[in-house]
Amino acid sequence: MRAGGDEEYVEAVLAVVRQIPEGRVMTYGLVAEVVADTLAARGSTPRGGPRQVGTVMARRGGSVPWWRVVTADGRVPAHAASRALAALRAEGTPLSSDDDDARVRVRRAVWWPQ
DNA sequence: ACATTGACTAATT
DNA sequence: TAATTAGCCAATG
């Protein structure tokens, strides 16, 4: 079935992002894997792409803490880097420096569903 | 149906 | 550590 399928994928992504606690982050790839896992367990088509997560966030990410999702390098979305950085700093997320080029210390801040 | 684009990643240099 | 290259997968025109 095609109808609602896309929507279901979007919801799954948002659900995962909502679970990320303050001061922690998840990478796009990690979110993609968890989502694929969830969909598979649900009997739906498992999609698996970091870029797809990014696309979903760009379109429907406004209702979730999108700044807690970063690239594998700890870079913040170029789309709204300063805004994301400000939010992360306010939450006490471990950063590698303090200018606008700052990156998240992924090794230290990464989190995934427990 | 084909080409381009993108809030990605990993390997290489 | 940073820049480059190639691979990836779905959305869009």
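Residue numbers for the first sequence follow our numbering, beginning at -17 and rising by one.
C-beta: ideal position from N, C-alpha, C; glycine also.
Quick one: give me the first and last residue of the alpha helix (DSSP H) that L77 is part of. First-last for L77: undefined, no H or E at that position.
How close, in whole Å, do the beta carbons of V7 and V52 come, if the pair is a contact with beta carbons under 8 Å? 5 Å
With DSSP as the reference, identify every bridge partner of T9, one or two as the case may be. V52
Have a look at the DSSP bridge pairing and note the partners of V92. V7
Between the beta-carbon of P76 and the beta-carbon of V92, is there less than 8 Å? no
Taking P32 as the reference, give the member of P3, V(-5) and A63 with the closest Cα. V(-5)
Look up A(-6) in the DSSP assignment and say whether it is helix, strand or coil. helix
With DSSP as the reference, identify every bridge partner of V86, one or two as the case may be. L77
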